[in-house]
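Data block below; observations after.
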Amino acid sequence: MTALQAAACVVSPPPNPYSGDPFVLSFHHDLAGPFGAAVDESLLRGGTNVSHRDLVDHLAAADGIKDCRPDLIVLAHALPDLHPFTAVAPHLDLLLGSGATAVGISQQGLAAPFTALRVVAAYQRSGRSTRAVVAVLEQATLPVHFALAHDTPLTDSGVLLLLGTGDGPALGGVESLPPGVPPGARVAELTAADPGGTLVVTGPWVPEGTAGTGPHVHRTARGTYCTSVWLALARHWRAWREEYSAVVLCDTDPLTGTSHLAVLRAGR
């Protein structure tokens with residue numbers, strides 16, 4: 163069974179200067195123009211210019227991760243990379259020992275990390291993976307104004323989860339709810355067996371009071387889009403493993419209204 167064995171996170175790494183690459187700027191214009199969006203170079207000049215590669219460079223050097231040598235790497239992101247032509251999953255593979263199957267998941271909003279868990283679980287059930295890495299990445303320097311990123315505002319952040327088939331909090335399931343369906347009823351079902359021993363971790367996009375009112379709820383702060391609950395997991399999973407029999411991760415995509423849940427089960 164897929165189990166969490168190590169985790170790392172990074173928030174607000176040091177910024178980089180704007181490169182002003184005319185080829186990349188031309189690409190942004192060509193991409194945004196057909197959709198009626200205007201590229202605003204001032205957003206790039208004033209941004210942190212932290213790329214997905216910068217984020218994985220920090221994550222791959224973390225204790226418990228740097229020597230893990232995975233056989234599967236799944237990179238998930240909701241917003242595009244700063245550099246549109248960079249293949250970051252193979253770069254992460256190189257940092258962690260090479261030889262892994264390396265793939266990326268995008269265009270799914272904050273569902274991407276939940277999909278990544280499904281992919282890893284399927285690989286491990288079939289025996290095609292025994293040690294996998296999920297990288298959840300979010301960079302906040304965008305060439306066009308995007309309300310979710312600029313009005314929140316978002317912070318550069320990343321999480322790396324090491325998932326194996328040995329000891330550790332076990333993945334009990336991943337599921338999604340249709341747009342507009344509050345997650346509270348399903349969360350209540352998932353926590354019913356042990357309400358006092360289950361922690362519910364909600365993202366900042368879950369409307370207050372819609373994810374249940376159990377005795378143990380950890381609500382993450384605003385400032386991220388798809389990394390929120392995963393940052394909390396990376397920071398606290400060892401303590402939570404000792405304190406709770408299960409952890410339910412829940413977030414609602416503000417762009418689609420779809421809610422996503424993942425359950426980790428661990429003995430105290």
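163 is the number of the first residue of the sequence shown in the working numbering; add one for each residue after it. For each residue, glycine too, the CB sits at the ideal point set by N, CA and C.
query	result
Contact between the region 189 to 201 and the region 226 to 236 is defined here as three or more beta-carbon pairs at a separation below 8 Å; is this criterion met?	no
Output the distance between the C-alpha atoms of residue 255 and residue 413, rounded to the nearest integer angstrom.	28 Å
Buried or exposed for residue 417, going by 16 or more other Cβ atoms inside 10 Å?	exposed
Compute the beta-carbon to beta-carbon distance between residue 217 and residue 318, rounded to the nearest angstrom, for a pair I have assumed lies under 8 Å.	7 Å
Would you call residue 192 buried or exposed, if buried means 16 or more other Cβ atoms sit within 10 Å of its Cβ?	exposed
For residue 165, which residues in the same chain have their Cβ closer than 8 Å to its Cβ, ignoring the five residues on either side in sequence?	325, 326, 327, 328, 329, 330, 331, 332, 333
Can you tell me the Cα-Cα spacing of residue 301 and residue 372, whole angstroms?	28 Å
Measure the alpha-carbon distance for residue 275 versus residue 208 and round it to whole angstroms.	28 Å
Does DSSP put residue 163 in a helix, in a strand, or in coil?	coil
Buried or exposed for residue 181, going by 16 or more other Cβ atoms inside 10 Å?	exposed
What does a CB cutoff of less than 6 Å around residue 419 pick up in its chain, not counting 5 residues either side in sequence?	341, 342
What span of residues does the beta strand (DSSP E) with residue 239 cover, start to end?	234 to 239
Counting only the same chain and skipping the five closest in sequence on each side, list residues whose C-beta sits under 7 Å from that of residue 313.	none
Return the CA-CA distance between residue 241 and residue 271, expressed in angstroms with no decimal places.	7 Å
What do you reckon, are the CB atoms on residue 236 and residue 284 nearer than 8 Å?	no
Please confirm if the region 286 to 301 is in contact with the region 387 to 404, defined as three or more CB-CB distances below 8 Å between the two stretches.	yes
Please report how far the alpha carbon of residue 352 lies from the alpha carbon of residue 205, in whole angstroms.	43 Å
Whole angstroms is fine: what's the gap from residue 429's alpha carbon to residue 404's?	At residue 429, the pLDDT of 49 sits below 50, so the modelled position is not reliable; the number obtained from the coordinates is stated separately. Going from the Cα of residue 429 to the Cα of residue 404 covers about 7 Å.
Nearest-angstrom Cα distance between residue 175 and residue 320?	10 Å
Excluding the 5 residues flanking residue 304 on each side, which residues of the same chain have their C-beta closer than 6 Å to its C-beta?	311
Starting from the C-beta of residue 379, find all residues in its chain whose C-beta is less than 6 Å away, skip the five residues before and the five after it, and write them out in chain order.	362
Measuring straight from C-alpha to C-alpha, what distance separates residue 294 and residue 212?	25 Å
Let me know the secondary structure DSSP gives residue 284 once reduced to three states.	helix
Below 6 Å CB to CB, which residues in the same chain sit around residue 245 once its five sequence neighbours on both sides are set aside?	213
Any idea if residue 188 is buried or exposed, counting beta-carbon neighbours within 10 angstroms, 16 or more meaning buried?	exposed
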